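Undergrad:
In the numbering used here, the protein residues as written are 1061 to 1328.
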């Protein structure tokens, strides 16, 4: 498959088609300039911003929003740091009132130590927001039953974690993720836990629609170089998925054909 064909391999969300399968966050960078450079290097078309951590009071003060080009980037507001369905719903409504549109990434945190989602509250928030016309991308645990419930509740995409937020542990439970991929009728994006480019490649090789990350890039020694590495990892993983990997075999299989071999040399 050529690079041209890869650019034509798009996916759809909220009525818009995207080429990049890498979504990035905007937290933890040292300044707006570094944020902008990392987004550029990543090639991401969808960029997420935590509303609870966004200071909109002083418009003269540099903001992560300054790193985004509205002509090239889709802003994905998220409800990070919300504890409870009501708080997440209010935050999503605020994003809409601020003119950020109907697309929202719903996060409802249930535990301050692990930052694992509160699945019951997330399901309730998803149902309410979907009924209000939001295009919900739901951040959840890697639970196949929950993902089906979120889809039934109106989620436009499910975003099972690969590992705890900011852990960099990679995909800890590929078996559950495969079940989710087999059953889902909406895009599946790995969100949280990615540590390096090989983790991103694995997610795409498995058939995930895309992957979202922040800390893996922002906390790298060289965030700009890592953003580019993640872009390449995602592209390689998607190409490998489309190409179709060879079957796994228990025993060896010779690379060369067995017929037409030269006679064995005589032993002395």
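All C-beta atoms, glycine included, are put in the ideal place defined by N, C-alpha and C. Fair warning: this is a prediction, and the values are worked out from it, not measured in the lab.
What span of residues does the alpha helix (DSSP H) with residue 1308 cover, start to end?
TA: Note, residue 1308: premise wrong, no alpha helix (DSSP H); not H, not E.
Undergrad: Within a Cβ cutoff of 7 Å, which residues of the same chain sit near residue 1149, ignoring the five residues on either side of it in sequence?
TA: Counting only Cβ-Cβ distances below 7 Å, and skipping sequence neighbours, we find 1185, 1188 and 1189.
Undergrad: Beta-carbon within less than 7 Å of residue 1266's beta-carbon, same chain only, minus the 5 sequence neighbours each way: which residues are those?
TA: Here the set comprises 1234, 1237, 1238 and 1241.
Undergrad: Which whole-angstrom value describes the C-beta separation of residue 1027 and residue 1224, a residue pair presumed to lie in contact below a C-beta threshold of 8 Å?
TA: Because the chain here runs from 1061 to 1328, residue 1027 falls outside it and cannot be looked at.
Undergrad: Nearest CA to the CA of residue 1249: which residue from 1113, 1154, 1165 and 1086?
TA: Of the candidates 1113, 1154, 1165 and 1086, the one whose C-alpha sits nearest the C-alpha of residue 1249 is 1165.
Undergrad: Do the region 1274-1291 and the region 1067-1075 meet, that is, are 3 or more Cβ pairs less than 8 Å apart?
TA: These segments do not touch.
Undergrad: Can you say whether residue 1102 is buried or exposed, counting buried as having 16 or more other CB atoms within 10 angstroms of its CB?
TA: Buried is the call here.
Undergrad: At which residues does the beta strand (DSSP E) containing residue 1089 begin and terminate?
TA: Here residue 1089 belongs to no beta strand (DSSP E), and DSSP marks it neither H nor E.
Undergrad: What do you get for residue 1105, buried or exposed, if any count of 16 or more other CB atoms within 10 angstroms of its CB means buried?
TA: Classification for residue 1105: buried.
Undergrad: Quick check on DSSP: helix, strand or coil for residue 1108?
TA: In this structure, residue 1108 counts as strand in the three-state DSSP scheme.
Undergrad: Counting beta carbon pairs with one atom in the region 1258-1272 and one in the region 1211-1225, are three or more of them shorter than 8 Å?
TA: The answer is yes - the region 1258-1272 touches the region 1211-1225, with three or more Cβ pairs under 8 Å.
Undergrad: Measuring straight from C-alpha to C-alpha, what distance separates residue 1281 and residue 1123?
TA: Cα to Cα, the separation comes out at about 23 Å.
Undergrad: How about residue 1255 and residue 1276: are their beta carbons less than 9 Å apart?
TA: Yes, they are a contact pair.
Undergrad: With DSSP as the reference, label residue 1126 as helix, strand or coil.
TA: Residue 1126 falls in the helix class under three-state DSSP.
Undergrad: Does the beta-carbon of residue 1209 have 16 or more other beta-carbons within 10 angstroms, so that it is buried, or is it exposed?
TA: Buried, because 16 or more other Cβ atoms sit within 10 Å of the Cβ of residue 1209.
Undergrad: Output the distance between the C-alpha atoms of residue 1269 and residue 1228, rounded to the nearest integer angstrom.
TA: About 20 Å.
Undergrad: Could you check what DSSP says for residue 1240 in three-state terms: helix, strand or coil?
TA: Helix, per DSSP.
Undergrad: Within a Cβ cutoff of 6 Å, which residues of the same chain sit near residue 1111, ignoring the five residues on either side of it in sequence?
TA: Once the five neighbours on either side are set aside, the close Cβ partners of residue 1111 are 1137, 1151 and 1155.
Undergrad: DSSP on residue 1077, reduced to helix/strand/coil?
TA: Here residue 1077 sits in strand by DSSP.
Undergrad: Check whether the Cβ atoms of residue 1080 and residue 1294 lie closer than 9 Å to each other.
TA: Yes, these two residues count as a Cβ contact at 9 Å.
Undergrad: With the cut-off set at 9 Å, would you say residue 1163 and residue 1139 are in Cβ contact?
TA: Their beta carbons are not under 9 Å apart, which means residue 1163 does not touch residue 1139 by this criterion.
Undergrad: Can you tell me the Cα-Cα spacing of residue 1146 and residue 1310, whole angstroms?
TA: Each residue's alpha carbon lies about 52 Å from the other.
Undergrad: Given that a residue counts as buried once 16 or more other Cβ atoms are within 10 Å of its Cβ, and exposed if not, what is residue 1306?
TA: Its Cβ having fewer than 16 others within 10 Å, residue 1306 is exposed.
Undergrad: Please go through the region 1127-1178 and give each complete beta strand (DSSP E) segment of 3 or more residues, from N-terminal end onward.
TA: Runs found: 1134-1138 and 1163-1166.
Undergrad: Comparing C-alpha positions only, which one of 1201, 1212 and 1244 sits nearest to residue 1232?
TA: Of 1201, 1212 and 1244, the residue nearest in Cα terms is 1201.
Undergrad: Report the three-state DSSP secondary structure of residue 1072 (helix, strand or coil).
TA: It is a strand residue.
Undergrad: How long is the line joining the alpha carbons of residue 1100 and residue 1243, rounded to whole angstroms?
TA: Computed Cα separation, rounded: 34 Å.
Undergrad: So, residue 1127 versus residue 1167, is the Cβ gap smaller than 9 Å?
TA: Contact flag unset, no.
Undergrad: Can you tell me where the beta strand (DSSP E) holding residue 1220 begins and where it ends?
TA: Residues 1217-1220.
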